[in-house]
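In my numbering, the protein residues as written are 10 to 204.
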């Protein structure tokens with residue numbers, strides 16, 4: 010299944026289309042939104058188009074994917090994105106235009122996506138957040154994810170040292186499973202108390 014349309018009380022979660030380039034640009038150009046994202050802010054509609062082609066068009070050509078535009082039901086225009094990667098990490102990630110922050114939108118979208126990937130048989134999802142981005146960790150907890158460990162990484166392409174917290178949610182009953190790739194790759198890794 011590839012990015013089936015989902016609806017929540019306030020939201021439509023759907024595939025991005027080439028008609029959404031202006032909305033994608035608005036999401037990607039904001040430096041505050043971009044602070045904790047692994048790419049630089051978009052500087053043009055052309056940047057947004059490349060992002061769409063590389064991140065979404067390519068994804069939608071695969072047999073299974075979860076790469077959603079977060080849209081308000083009132084106008085069906087993307088205000089953010091939410092995704093679960095189909096590599097071994099099953100990384101759960103999201104971003105939202107700042108004028109929509111602090112309204113529970115990402116948590117609402119996240120719960121719908123988590124329900125869908127659970128129904129579709131993914132064994133688990135993981136997510137990471139910069140320790141300075143506490144609200145992102147709050148979303149992870151609100152969708153049912155559990156903190157597993159922290160690790161340091163020289164973050165690319167921005168090239169600065171970041172301490173990440175890794176969260177995981179297992180769906181297949183294997184409550185002991187922990188995705189250890191980041192732990193294994195990092196020279197400095199540890200478990201924090203009271204996260």
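Ideal placement from N, C-alpha and C gives every residue a C-beta, glycine not left out.
The region 36–48 and the region 14–21 do not touch, with fewer than three beta-carbon pairs separated by less than 8 Å. DSSP places residue 173 in the strand class (E or B) of the three-state scheme. As the crow flies, the alpha-carbon of residue 145 is around 12 Å from that of residue 156. Look at residue 192 here: in three-state DSSP terms it is helix. In the DSSP assignment, residue 22 falls within the beta strand (DSSP E) that extends over 20–23. For residue 87, DSSP records a beta bridge to 80. Put simply, of 183, 187, 164 and 97 the residue whose alpha carbon is nearest the alpha carbon of residue 175 is 187. Each of 133, 123, 165 and 136 was checked against the Cα of residue 12, and the nearest Cα belongs to 123. The C-beta separation of residue 77 from residue 127 comes to about 15 Å, leaving the pair out of contact by the 8 Å criterion. Excluding five sequence positions before and after residue 29, the CB atoms of its chain that fall closer than 7 Å to its own CB belong to 78 and 87, given in chain order. Within 10 angstroms of the beta-carbon of residue 32 lie 16 or more other beta-carbons, which makes it buried. In terms of Cα proximity to residue 25, the closest of 89, 82 and 39 is 89.
Cβ atoms of residue 69 and residue 54 stay farther apart than 8 Å, at about 20 Å. Residue 159: member of the beta strand (DSSP E) spanning 155–164, first to last residue.
In the three-state scheme derived from DSSP, where H, G and I count as helix and E and B as strand, residue 101 is classed as strand. For residue 59, the number of other beta carbons within 10 angstroms of its own is below 16, and it is reported as exposed. If you draw a 10 Å sphere on the C-beta of residue 178, you find 16 or more other C-beta atoms in it, and that means buried. In this structure, the beta-carbon distance from residue 116 to residue 191 does not fall below 8 Å. Assignment of beta-bridge partners to residue 60 by DSSP yields no partner.
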